[in-house]
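Accompanying notes for the structure given below.
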Amino acid sequence: MVEVKEAIALYRGLTLVLTFLSYTSYHLSRKPISIVKSQLHLNCSALGPNPHNDSNSTTWCSWAPFDGDNYKELFGALDNAFLVAYAIGMFISGIFGERLPLRYYLSGGMVLSGLFTALFGLGYFWDIHVLWYFIIVQVCNGLVQTTGWPAVVACVGNWFGKGKRGLIMGIWNSHTSVGNILGSLIAGAWVSSAWGLSFVVPGIIIAVVGIICFFFLVEYPEDVDCNPPLHHMAADENPGGVTTSEKDPEAVISNEGPLSLSGQSSVDHSKSPKEPAEEPEAISFFGALRIPGVVEFSLCLLFAKLVSYTFLYWLPLYIVNVAHFGAKEAGDLSTLFDVGGILGGIFAGLISDYTGGRATTCCVMLVVAAPMLFLYNHVGQNGIGISVAMLIICGALVNGPYALITTAVSADLGTHESLKGNAKALSTVTAIIDGTGSVGAALGPLLAGLISPTGWNNVFYMLIAADVLACLLLARVVVKEARGWCGPMARQRGYVAAPPAWPLVPGCPGRLSVLLQKDVCYPLLSLLHLRAGIARPPAPRPAPGATETFPPQAKAAPGGF
Numbered sequence: 000m001v002e003v004k005e006a007i008a009l010y011r012g013l014t015l016v017l018t019f020l021s022y023t024s025y026h027l028s029r030k031p032i033s034i035v036k037s038q039l040h041l042n043c044s045a046l047g048p049n050p051h052n053d054s055n056s057t058t059w060c061s062w063a064p065f066d067g068d069n070y071k072e073l074f075g076a077l078d079n080a081f082l083v084a085y086a087i088g089m090f091i092s093g094i095f096g097e098r099l100p101l102r103y104y105l106s107g108g109m110v111l112s113g114l115f116t117a118l119f120g121l122g123y124f125w126d127i128h129v130l131w132y133f134i135i136v137q138v139c140n141g142l143v144q145t146t147g148w149p150a151v152v153a154c155v156g157n158w159f160g161k162g163k164r165g166l167i168m169g170i171w172n173s174h175t176s177v178g179n180i181l182g183s184l185i186a187g188a189w190v191s192s193a194w195g196l197s198f199v200v201p202g203i204i205i206a207v208v209g210i211i212c213f214f215f216l217v218e219y220p221e222d223v224d225c226n227p228p229l230h231h232m233a234a235d236e237n238p239g240g241v242t243t244s245e246k247d248p249e250a251v252i253s254n255e256g257p258l259s260l261s262g263q264s265s266v267d268h269s270k271s272p273k274e275p276a277e278e279p280e281a282i283s284f285f286g287a288l289r290i291p292g293v294v295e296f297s298l299c300l301l302f303a304k305l306v307s308y309t310f311l312y313w314l315p316l317y318i319v320n321v322a323h324f325g326a327k328e329a330g331d332l333s334t335l336f337d338v339g340g341i342l343g344g345i346f347a348g349l350i351s352d353y354t355g356g357r358a359t360t361c362c363v364m365l366v367v368a369a370p371m372l373f374l375y376n377h378v379g380q381n382g383i384g385i386s387v388a389m390l391i392i393c394g395a396l397v398n399g400p401y402a403l404i405t406t407a408v409s410a411d412l413g414t415h416e417s418l419k420g421n422a423k424a425l426s427t428v429t430a431i432i433d434g435t436g437s438v439g440a441a442l443g444p445l446l447a448g449l450i451s452p453t454g455w456n457n458v459f460y461m462l463i464a465a466d467v468l469a470c471l472l473l474a475r476v477v478v479k480e481a482r483g484w485c486g487p488m489a490r491q492r493g494y495v496a497a498p499p500a501w502p503l504v505p506g507c508p509g510r511l512s513v514l515l516q517k518d519v520c521y522p523l524l525s526l527l528h529l530r531a532g533i534a535r536p537p538a539p540r541p542a543p544g545a546t547e548t549f550p551p552q553a554k555a556a557p558g559g560f
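Here you go:
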């Protein structure tokens, strides 16, 4: 039994490491364009006159066709060539991901991503100054990069149950920010000398990692004779009120092997794990949309990702224009936004696991992010210390909800109890949510390119408005979660069974819920009953030798979905 647990831990660790490296390399290959922008269009007056024709032009050292006054619009076109292709391809990618071997799909996409990333940089060495070359390369790169996210989330979801998914995926999702940081540092190393290498080197890295994943990634626990994890709590409770699966929903061990469902009958346990089972059908696109919560979180992510990707593509240029740093210094400083994103993703996952409220966690962080963005624009450049602190805080508040929705929420919805154990929906649901978010990722940099000529203040007003809209779109799910914590509607909506002594108060798991019931719900409901003249029903006397528990143990709520 010890060997079985060690094998499970080994495969889980390998899956986390390989998928982490995979998506780190994806983001590493996306970041160079934001660093190189300031080098493609330079103010050359500080370098003196043009050595070729003695002209006093201030753009003679810029890279055509980005040397004109419309360079911001051209940069916006480059961003949107990638992001629009990515958004369109993402809706299709999840469908392919459910029907093709994930290892082949992921590895092939990474090798092709490396090829197209390198082709952009080779334009420097081949002395290419045609806009359409860079546009076509960006479109192709955007399409092949859609192979990444549905595949890695599906792999992690296949190996991990719901128990501490928020914290695990919050830490794991730091690959986004780690990739951005490494991409900034690698691109910054060559941006001033030979900016083509800023793309060629990341392209080589992602291709090599893709080859490694092809040989070592294990897609499903069943591939190595392990049973899949438990995504939902078993329905049967023991006399103590706690299901066997609730004690350790991540690793349920039976005589049959690791991670088998504790709720199975003895007849089920007598079956051999090698016995072929009927393969469930992959869910359709519209079937995935009907899963409760998919539409709300998808639309929320649209606006959350709009804010995040505007910072991803335009923050270095904003720092150059407003704080007057050089290209390399601005790229290095922009990595602090991603450092905050790492902290925000971990914090959001931890809090959502602790409270059981994914939507509420996102909503609170989005509400706080709006005034912080306003403050960063107005006081963030008053000193290096203030700038560092504000970038980290804004990064945590902006990327925290984005990270939570694209990881734990997507995995929760992809293994939702309404699917009745069909794991063939995870990649499709992930693609729908991230594909919708990618529409916002395309709109953000486009709007920033159109609005920035009127002033950076207007860009930040647009970002604040997007943050508020993202919060409002989660209002229904937040209300549903709040009712599940503390409200008479929880029992009627099927969250929990009514406690025998006080039917209006649901029993909710979690330390925060205990405080809500003991210090808020119980006194308020008691007061309401007294004012209405309703006598509180007497509590039943405990049986001799029985121990009173508070609150009554409830079945797991679906997190507001």
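Just so it is clear: in the sequence shown, position 501 is 500 by numbering that gives the first Met the number 0, and no numbers are missing.
Here a beta-carbon is modelled for each residue, glycine too, at the ideal position from N, C-alpha and C.
Predicted model only: the values in this text are computed from it and were never measured.
Where residue i sits in the DSSP three-state scheme
| i | result |
| --- | --- |
| I127 | coil |
| N376 | helix |
| E5 | helix |
| L77 | helix |
| H323 | coil |
| E221 | helix |
| I290 | coil |
| H26 | helix |
| F159 | coil |
| N140 | helix |
| W313 | helix |
| A369 | helix |
Straight-line Cα distance separating residue j from residue i
| i | j | result |
| --- | --- | --- |
| C225 | L425 | 19 Å |
| K71 | L41 | 12 Å |
| V16 | A153 | 14 Å |
| F284 | V367 | 34 Å |
| L196 | Y85 | 24 Å |
| S307 | T23 | 16 Å |
| A441 | L314 | 15 Å |
| I391 | A447 | 21 Å |
| G564 | Y353 | Here the chain covers residues 0 to 560 and nothing more, so residue 564 does not appear. |
| T429 | D466 | 22 Å |
| K479 | I431 | 22 Å |
| T18 | F213 | 11 Å |
| L13 | W158 | 11 Å |
| F310 | E2 | 47 Å |
| G319 | I135 | Gly is not the amino acid found at residue 319; the sequence shown has Val there. Roughly 28 Å between the two C-alpha positions. |
| Q137 | L130 | 11 Å |
| T360 | F90 | 26 Å |
| F296 | A287 | 13 Å |
6 Å Cβ shell around residue i - same chain, five flanking residues per side excluded
| i | result |
| --- | --- |
| A303 | P400, Y401, A469 |
| L342 | A395 |
| L216 | L17, R102 |
| A8 | none |
| L111 | V143 |
| T405 | D433 |
Sequence-distant residues of the same chain with beta carbon closer than 7 Å to residue i, five excluded per side
| i | result |
| --- | --- |
| P201 | L27, S28, P31, T116, G182, I185 |
| F133 | L77, F119, G122 |
| N69 | none |
Buried/exposed call for residue i, threshold 16 Cβ in 10 Å
| i | result |
| --- | --- |
| G67 | exposed |
| T453 | exposed |
| K327 | buried |
| D433 | buried |
| G340 | buried |
| Y375 | buried |
| I383 | exposed |
| N172 | buried |
| N398 | buried |
| D126 | exposed |
| K36 | buried |
Limits of the alpha helix (DSSP H) - the one that residue i falls within
| i | result |
| --- | --- |
| C470 | 455-472 |
| Y401 | 383-403 |
| C212 | 196-215 |
| H174 | 174-189 |
| N69 | Taken as a continuous stretch (DSSP letters only), N69 belongs to no alpha helix (DSSP H), as it is neither H nor E. |
| V408 | Here V408 belongs to no alpha helix (DSSP H), and DSSP marks it neither H nor E. |
| S33 | 31-39 |
| S426 | 425-450 |
Cut-off 8 Å between Cβ atoms - residues of its own chain near residue i, not counting five sequence neighbours on either side
| i | result |
| --- | --- |
| G108 | V143, Q144, T145, T146, G147, A150, G209 |
| N456 | N376 |
| Q38 | W62, V190, S191, W194, A326 |
Residue i CB to nearest heavy atom of the ligand MN below 6 Å
| i | result |
| --- | --- |
| Y308 | As far as ligands go, the structure on display features none, and thus does not contain the ligand MN. |
CB contact check: residue i to chain C, cutoff 7 Å
| i | result |
| --- | --- |
| T23 | Considering every chain present, this structure includes no chain C. It has just one protein chain. |
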